[in-house]
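Peer 1: Going line by line, the protein sequences match chains P and G.
Every position in the first sequence, counted from 1, becomes a number in our numbering once 5 is added.
Every position in the second sequence, counted from 1, becomes a number in our numbering once 6 is added.
Glycine is no exception: its CB is placed at the ideal position from the N, C-alpha and C atoms.
Just so it is clear, the structure is predicted and the values come from calculations on it, not from any experiment.
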Amino acid sequence: MTGLAWGRRYLTCPPTYFDVVYEINPWMHREVKADRDRALRQWEALMATLDEAGATVEAMAPAEGWPDLVFTANAGIVNGDQFVPARFRHPERQGETALDIAWFRSHGFGIDELPVGVCHEGAGDALPFGDVLISAYRFRSDATAHAYLSRLTGAAVRSIELVDERLYHFDLTFCPLDERRAIVAPLGWDGYGCRVMEALVPEPLVLEDDEALSFCANSVVVGTTVIMPVCPPRVGRQLEAWGLDVTVCPVDEFLKAGGGCRCLTLALDVTLAPTVGS
Amino acid sequence: MPEASEIVEVEGHIIDSLILPKVLDVILSSGADYRLLDVEIGKTNVDASRARIEVTAADADALASLLDELQIHGANRMVRSDAELAACDRDGVLPAGFYSSTNLPTSVRIGGRWVEVEFPEMDCALVLREDGRLRALPMHRVRIGDRVVVGTEGIRVAAPSRPRGHNPFEFMASEVSSEKPKGLLVAAVADRIRTAKASGHKILAVCGPAVIHTGAGPHLADLVRNGWIDLLFAGNGFAAHDLESNVMGTSLGVSITEGSPAEGGHANHLRVINEIRRYGSIAAAVDAGYIDGGVMFECVKRGVSFVLGGSVRDDGPLPDVYRDVVEAADAMRYLLPGVGVALMLASTLHAIATGNLLPAWVETFCVDINQAVVTKLADRGSHQALGVVTDVGLFLSGLVDHLVG
């Protein structure tokens with residue numbers, strides 16, 4: 006197993022202003038506040054784990070009033086030196102976009118925006134696999150965004166409908182491990198989506214429903230290391246059997262806002278395949 | 007409610023993502039239907055594919071909720087812009103490029119919202135009122151500053167549909183034929199009238215003078231007397247002969263009972279018209295006891311509204327006749343809302359005039375011995391008209407049997 010071709014450089018954002026101040030997914034409850042010190046310790050542990058696994062980490066400046074800015078996965082789509090910023094569904098997060106655009110612009114990325122009125126929440130709802138970009142829709146992203154994404158990036162996009170609100174982003178249901186393998190959570194997809202994913206992923210690690218809801222698919226893969234918020238034993242054994250190293254990095258403070266390890270990172274070294282033929 | 011349809015477009019990698027089959031599945035499982043207008047399949051898998059789908063649902067509400075559902079899967083309505091409006095700069099003159107209406111259920115997109123035309127009428131302009139409602143108005147009724155829909159953008163017209171399921175008219179479709187079992191059709195018309203009355207709709211009779219000539223006047227009077235007719239449109243001739251037959255026992259000088267020409271009979275209707283002009287109106291003549299029976303008598307007695315539209319060949323005319331045809335049409339227009347069934351009885355000119363004013367959802371039965379009338383009506387856009395080719399006298403006596411018993 007050679008691991009994933011991308012995922013050695015990440016954008017993150019420290020949880021200085023992280024908190025649960027609104028409810029935009031079924032995991033958020035305003036009465037369950039985040040413990041900011043604990044969150045910071047968990048985040049620093051994640052950074053150390055990424056570093057140890059051989060990844061380079063960049064951090065953007067946190068901003069007061071944007072508690073979810075910490076979830077950089079949703080900032081947008083990276084394609085080489087192109088950045089397509091997210092258009093957030095909820096006004097609570099829409100202010101993050103200007104900060105994301107500013108960071109990417111100052112780091113040499115060209116910015117290509119989706120049309121106004123079309124929602125898409127970045128890598129939270131779109132992950133490359135094989136020679137396509139798989140993107141989900143319904144809760145946070147619009148299906149119409151996929152055609153625009155394809156036009157802007159030149160990548161072929163496969164659309165998957167999410168059906169379980171608890172798995173409101175695609176990165177809670179899918180984690181690419183290499184060219185052929187991925188962790189998949191069919192619980193989150195409709196029948197058509199399941200068929201498309203079956204056709205796309207030759208060797209899936211299919212999560213049971215309770216495993217899927219543990220957020221174990223929201224993991225970061227650095228080469229052959231899988232950094233997971235939790236790891237159900239059965240999943241861990243399979244990953245190890247495939248020659249992957251599992252590192253569990255608890256980020257349960259962030260689970261209060263509905264995010265795991267993947268949500269806290271955005272891979273910067275992704276180049277989408279400008280596929281020709283299949 | 008009539009069927010409603012709309013064209014949606016879905017674009018992207020819709021074949022490999024199974025979005026296209028999913029969208030079609032969503033349409034069918036909601037009970038609606040679709041027609042694939044065109045599908046462009048991308049040559050490589052980078053190329054997006056595109057499909058245009060015409061979706062038809064049972065009614066506008068079902069369509070609206072289905073379109074919302076389809077939008078989630080990326081299938082969007084083709085119409086995304088509002089209709090264009092232009093102001094009239096002269097009374098009775100429409101802006102050039104005005105949208106000429108049909109009598110089908112029509113909605114216009116204004117300010118991002120679909121507004122339904124309240125009482126669709128063919129060959130009119132659509133005028134946006136101050137309160138945001140849309141009216142179909144004939145050109146002579148528009149005034150300076152009225153905002154009129156121009157062009158064809160942002161206008162949605164529901165496809166005409168016939169009632170679904172088994173009904174006696176099914177086999178007729180739009181075809182007119184004298185080769186149909188009349189008894190069955192009369193029973194079916196009676197049934198439709200009953201249903202319309204039960205749901206609070208009005209029944210309109212549009213009558214030609216042949217109703218009186220054929221001796222069917224008393225049957226129609228029976229229907230009026232028993233409350234089955236709420237509204238009557240006719241010309242000077244129908245009313246004059248109805249009154250003549252009541253006062254003189256003749257219709258155009260021919261005895262209704264004997265069928266033989268009465269002495270000096272050709273002037274009978276003129277004498278009656280002359281007397282009624284002396285009274286000032288049909289109602290006044292009824293009140294004075296000069297008229298004591300017949301269709302017009304029953305209309306006056308029961309307070310059934312009638313509009314008598316004049317024409318250039320009228321004798322007299324009767325004092326109630328509108329001499330200005332534009333005013334006559336307006337008078338008819340004002341009475342039409344609420345009509346559920348229209349019976350066109352041996353009338354050509356008034357039937358076509360009424361057909362022009364009726365929305366397509368009003369069930370229209372055209373009874374005439376000559377099938378050309380029904381064809382003419384359909385040719386002029388009243389596609390909803392169903393023809394019953396028979397003698398109007400037989401038809402009305404059958405209707406009385408069914409409704410009055």
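#1: Mapping DSSP to helix, strand and coil, what is G/PHE303?
#2: CA-CA distance, G/SER23 and G/GLY138?
#3: Since P/ASP257 contacts P/VAL231 with CB under 8 Å, what's their CB separation in whole angstroms?
#4: List the residues of chain G that P/HIS125 touches, going by C-beta distances under 8 Å, in chain order.
#5: Taking 8 Å as the cut-off, decide whether the C-beta atoms of G/ALA196 and G/LEU405 are in contact.
#6: Identify the continuous alpha helix (DSSP H) that holds P/GLN87 and give its terminal residues.
#7: Nearest CA to the CA of P/GLY12: which residue from P/TRP247, P/GLY228 and P/GLY248?
#8: I need the boundaries of the alpha helix (DSSP H) containing G/ILE78, first residue and last residue.
#9: Hey, P/ASP24 and P/PRO72: beta-carbon distance below 8 Å or not?
#10: Among the candidates G/THR370, G/GLU333 and G/GLY241, whose CA atom is the shortest distance from the CA of G/ARG319?
#11: Identify every run of the alpha helix (DSSP H) within the stretch 32-119 of chain P, keeping only runs that are complete inside it and at least 4 residues long; order them along the chain.
#12: Around the Cβ of G/GLY295, are there at least 16 other Cβ atoms within 10 angstroms (buried) or fewer (exposed)?
#13: Quick one, which residues of the stretch 194-205 of chain P are near chain G if we go by CB-CB under 7 Å, in chain order?
#14: Between G/GLY214 and G/ALA348, what straight-line distance do the alpha-carbon atoms span, to the nearest angstrom?
#15: Just checking: is the beta-carbon of G/ASP74 within a distance shorter than 8 Å of some beta-carbon in chain P?
#16: What are the boundary residues of the beta strand (DSSP E) that includes G/ASP39?
#17: So that I know if they touch, is there some Cβ in chain G lying closer than 8 Å to that of P/GLU166?
#18: Mind checking the stretch 16-34 of chain G against chain P and listing, in chain order, the residues whose C-beta falls within less than 9 Å of any C-beta there?
#19: Counting only beta-carbon atoms, is P/VAL162 nearer than 8 Å to chain G?
#20: From which residue to which residue does the alpha helix (DSSP H) around G/THR220 run?
#21: Can you tell me where the beta strand (DSSP E) holding P/THR229 begins and where it ends?
#22: Can you confirm whether G/HIS408, when its beta carbon is compared against all beta carbons of chain P, has any partner nearer than 8 Å?
#23: If you compare alpha carbons, which of P/SER219, P/LEU260 and P/ASP117 is closest to P/VAL240?
#24: Based on Cα-Cα distance, which residue from G/ILE59, G/SER311 and G/ASP97 lies nearest to G/LYS208?
#25: Would you say P/HIS112 faces chain G, with C-beta separation under 8 Å as the test?
#26: Does the structure place the stretch 142-158 of chain P close enough to the stretch 114-132 of chain P that three or more beta carbon pairs sit under 8 Å?
#27: Run through DSSP, which three-state label would P/TYR142 get?
#28: Count the CB pairs spanning the stretch 156-167 of chain P and the stretch 180-187 of chain P that are closer than 8 Å, and state whether there are at least three.
#29: If you reduce the DSSP assignment to three classes, tell me which class G/GLY315 lands in.
#30: Let me check one thing: in DSSP terms, what residues is G/THR112 bridge-paired to?
#31: Taking the C-alpha atoms as reference points, what is the distance between P/ALA141 and P/VAL168?
#32: From the DSSP output, in three-state form, read off G/LYS208 for me.
#33: Counting Cβ pairs closer than 8 Å, one from the stretch 67-78 of chain G and one from the stretch 10-19 of chain G, do we hit at least three?
#34: Check this for me: beta carbons of P/ILE82 and P/GLY127, under 8 Å apart or not?
#35: Could you confirm whether any beta carbon from chain G is found closer than 8 Å to the beta carbon of P/THR149?
#36: Looking only at its chain, what residues have a beta carbon closer than 6 Å to the beta carbon of P/GLY264, apart from the 5 residues adjacent to it on each side?
Peer 2: So, from the data block:
#1: helix
#2: 42 Å
#3: Not confirmed; about 18 Å, so no contact.
#4: The premise fails here: P/HIS125 is roughly 12 Å from chain G at the closest Cβ pair, so nothing lies under 8 Å.
#5: yes
#6: Unbroken run through P/GLN87 is the beta strand (DSSP E), 87-90; no alpha helix (DSSP H).
#7: P/GLY228
#8: 66-78
#9: yes
#10: G/GLY241
#11: 41-58, 96-99 and 101-111
#12: exposed
#13: TYR197, ARG200 and VAL201
#14: 14 Å
#15: no
#16: 39-46
#17: yes
#18: VAL16, GLU17, GLY18, HIS19, ILE20, ASP22, SER23, LEU24, ILE25, PRO27, LYS28 and ASP31
#19: yes
#20: Careful: G/THR220 lies outside any alpha helix (DSSP H) and carries neither H nor E.
#21: No beta strand (DSSP E) holds P/THR229; DSSP gives it neither H nor E.
#22: no
#23: P/SER219
#24: G/SER311
#25: no
#26: yes
#27: strand
#28: no
#29: strand
#30: G/VAL163
#31: 10 Å
#32: strand
#33: yes
#34: yes
#35: yes
#36: PHE76
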